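K.L.:
Let me give you the structure first, and then I'll get to my questions.
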Amino acid sequence: MAYLEAAPSTADQEIEEIVERKLIKEGQLEFESTDFSLTRKTIFEAINKYKGYVSSDQEFNSPGRKSNTIIIRVPADNFDKLLQDATKGVERFDNKQITVKDVTEEFLDMQARLKTKKELENRYLEILKQAKNVKEILEIEKEIGQLRAEIESVEGRLKYLLNRVSFSTLTITFYESISTQTKFGQEFKNGVSNGWNNLIWFFVMLTNVWPFILLGILLLFGIRTYRRKN
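Residues -1 to 228 in our numbering are what the sequence shown lists, from first letter to last.
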């Protein structure tokens, strides 16, 4: 049985109208913060203000440094405004990369392929209605099944591209350096505090067991007195 071939469409070959460009915008930033909590608060306020959302939020701690990496998805039209507000007060960036990828050609190609495959699927469905025996039915259904898988694949790719175009991605990494002197001072302060707390607990324990201590002293005194008399 001769199967149908996807006929090229003149409308797909020549785009007569001007289409809106499909652009994927992404950014990566890294900078040092002098106030870790304030920087994080500023970033999240900008996210809420420009209707973005956090797709990943990771904090890392290492000797002398703590850092936070936040991956943000934000409506493409709000990308620049969020970037500006989120980094308000930052004087220097260790790393700053903004990239824009034009996927218009791929998007149009996918749309054309999807249209052609759906038209071919409809033609197979019409032929299926006219099939005269089981063999023809099975062969046509096999072709339709393959076409359906290809259609779903193209639809998935289109959906992915639309999501990346509609929502830009901004990755912000900021860190705060912790000096050795500051760390030593904090540890010394903690040590004094812990020592004082332990001393208090020691006296509390004594107040709970003093009757037993007194009894022990009296017993020891009695034993020594008894031995001396004998």
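The beta-carbon is built from N, C-alpha and C at its ideal position, and this holds for glycine as well. Because the structure is a prediction, the values reported are computed rather than measured.
Can you find the residues in the same chain that come closer than 6 Å, C-beta to C-beta, to T37, ignoring five residues on each side of it along the sequence?
P.N.:
For the purposes of this step, residue 37 is taken as the residue at position 39 of the sequence shown. Counting only Cβ-Cβ distances below 6 Å, and skipping sequence neighbours, we find S31 and F172.
K.L.:
Take L145 as the anchor and find which of K116, N131 and K39 has the nearest alpha-carbon.
P.N.:
Along the sequence shown, read from residue 1 onward, the residue named residue 145 stands at position 147. Taking only the C-alpha atoms, the option nearest L145 is K116.
K.L.:
Kindly confirm or deny that the segment 98 to 111 and the segment 63 to 82 touch, where touching means at least three C-beta pairs closer than 8 Å.
P.N.:
no
K.L.:
Using the beta-carbon count (16 or more within 10 Å), is M108 buried or exposed?
P.N.:
One-based indexing of the sequence shown puts residue 108 at position 110. Classified as buried, M108 has 16 or more neighbouring CB atoms from the shown chains inside 10 Å of its CB.
K.L.:
Judging by CA-CA distance, which residue of D75, N192, Y51 and S53 is the nearest neighbour of L21?
P.N.:
In the sequence shown, the residue the question calls residue 21 occupies position 23. The shortest C-alpha separation from L21 is found at D75.
K.L.:
Taking only three categories from DSSP, how would you classify R19?
P.N.:
By one-based count along the sequence shown, residue 19 stands at place 21. R19: coil per DSSP, three-state reduction.
K.L.:
Indicate the three-state DSSP secondary structure (helix, strand or coil) for P61 in the structure shown.
P.N.:
The sequence position of residue 61 within the sequence shown is 63, counting from 1. Reduced to three states, the DSSP call for P61 is coil.
K.L.:
For V152, which residues from the same chain have a beta carbon less than 8 Å from its beta carbon, with the 5 sequence-adjacent residues on both sides left out?
P.N.:
As a working mapping, residue 152 is identified with position 154 in the sequence shown. Once the five neighbours on either side are set aside, the close Cβ partners of V152 are M108, R111, L112 and K115.
K.L.:
Can the beta-carbon of K64 be found closer than 8 Å to that of E141?
P.N.:
As a first step, residue 64 must be located in the sequence shown, where it is residue number 66. As a first step, residue 141 must be located in the sequence shown, where it is residue number 143. No, these two residues do not count as a Cβ contact at 8 Å.
K.L.:
Based on the DSSP output, what are the partners of D100 in its beta bridges?
P.N.:
The sequence position of residue 100 within the sequence shown is 102, counting from 1. DSSP links D100 through a beta bridge to L21.
K.L.:
Nearest to Y51 by CA position, among E43, Y158 and W199, is which residue?
P.N.:
Sequence index remark: in the sequence shown, residue 51 carries index 53 (1-based). With distances taken between Cα atoms, Y51 lies closest to E43.
K.L.:
Considering only the beta carbon of each residue, do K47 and P73 sit closer than 8 Å?
P.N.:
Residue mapping note: residue 47 aligns to position 49 of the sequence shown, counting from 1. Residue mapping note: residue 73 aligns to position 75 of the sequence shown, counting from 1. The answer is no: Cβ separation not under 8 Å.
K.L.:
Any idea which residues DSSP pairs K140 with across the strands?
P.N.:
For the purposes of this step, residue 140 is taken as residue 142 along the sequence shown, with counting starting at 1. Looking at the DSSP assignment, K140 forms no beta bridge with any residue, so it has no partner.
K.L.:
Looking at chain C, is there any beta carbon in it that lies within less than 8 Å of the beta carbon of F91?
P.N.:
No chain C is part of this structure, which consists of one protein chain only.
K.L.:
Quick check on DSSP: helix, strand or coil for D55?
P.N.:
Position 57 of the sequence shown, counted from the first residue, corresponds to residue 55. Residue state, collapsed to three classes: strand.
K.L.:
What's the C-alpha gap between R245 and L197?
P.N.:
Because residue 245 is not part of the residues shown, which for the chain are -1 to 228, the question remains open.
K.L.:
Since K136 and L80 are thought to touch, with beta carbons under 8 Å apart, how far apart are those beta carbons, to the nearest angstrom?
P.N.:
Residue numbering aside, residue 136 sits at position 138 when the sequence shown is read from its first letter. Residue numbering aside, residue 80 sits at position 82 when the sequence shown is read from its first letter. For clarity, residue 136 is Leu in the given sequence; the question names Lys instead. Contact between L136 and L80 does not hold, since the beta-carbon distance rounds to 55 Å and is not under 8 Å.
K.L.:
In terms of residues, what are the limits of the alpha helix (DSSP H) holding I170?
P.N.:
The count along the sequence shown starts at 1 and reaches residue 170 at position 172. Looking at the DSSP string, I170 is not in any alpha helix (DSSP H); the run it does join, the beta strand (DSSP E), is F165 to S175.
K.L.:
Between R162 and R155, what straight-line distance do the alpha-carbon atoms span, to the nearest angstrom?
P.N.:
Counting from 1 along the sequence shown, the entry for residue 162 is found at position 164. Counting from 1 along the sequence shown, the entry for residue 155 is found at position 157. Cα to Cα, R162 sits roughly 11 Å from R155.
K.L.:
Quick check: the Cα distance between L126 and N120, rounded to an integer number of angstroms?
P.N.:
Indexing the sequence shown from 1 puts residue 126 at position 128. Indexing the sequence shown from 1 puts residue 120 at position 122. Taking the straight line joining both Cα atoms gives about 10 Å.
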